[in-house]
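In what follows, a structure is listed as structure tokens, so that the remarks can point back to it.
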């Protein structure tokens, strides 16, 4: 089997219902617009039929390279994303949320600058152009996200407007060492990856993308926000202890 030119990673925890509709969309897009790509679903210890749904849909689309990775228990989205990214030998890898809140058709906007050789990590943003948002989040969740981003900026020094959009692409030659050093398994993993990448001197670009809120988010606004903040504070503490996070990965 030929080495894929691009890998799309989909972390999934109890996503059987969503994958039934979104996986065919992704596969059809890759077949038509990105031949030679590979779609990897990482089942993060689901207790529903996530794996069975993925396998069935994969079998219906043999023209696209696919792979299913399964974790024996739920370990967190961050770990699932890292597992998928590190499993591929594609030169560029992108992870996308299973619900396709950011449509797969936005892929060129994120992957293009990496393919042009200008950036190492490019990630979607809901904050740079809010006119691109179709269905908005509930007011409480949107305001909570803004507060969280402000704390992220203050705590880490990251200059970005939206670290949490689930649509990020990586030039794997540059990003793999950063991904291997990451430790956060929960929803704060995005911040950690960007923080480590910035400290490693990688070239980062935040780009506006189309986005729609979908019901059924796995994020608990209160509990997970507190957990993410704890993870970010811990990240800064590890850097302060000279734990190796400042290593260059160019």
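Numbering (the working numbering), first residue to last: 5 to 254. Note that CB positions come from ideal geometry on N, CA and C, so glycine has one too. Everything numeric in this text was worked out from a predicted model, so none of it was measured.
Looking only at 33, 16 and 38, the smallest Cα-Cα distance to residue 46 is reached by 16. A check of alpha carbon separations from residue 19 across 133, 218, 237 and 197 identifies 218 as the nearest.
When secondary structure is reduced to three states using DSSP, residue 91 falls in the helix class. The beta carbon of residue 79 lies closer than 7 Å to those of 48, 49 and 189 in the same chain, with the five residues before and after it left out. In the displayed model, residue 167 falls within coil according to three-state DSSP, outside both helix and strand. Closest by C-alpha distance to residue 94, out of 69, 102 and 76, is 69. Using a Cβ distance threshold of 8 Å, residue 182 and residue 236 do not count as a contacting pair. Here residue 184 is exposed: its Cβ has fewer than 16 other Cβ atoms, across all protein chains shown, within 10 Å.
The C-beta distance from residue 106 to residue 213 rounds to 5 Å, short enough to meet the 8 Å contact threshold.
When the alpha-carbon of residue 9 is set against those of 39, 51, 86 and 191, the nearest one is in 39.
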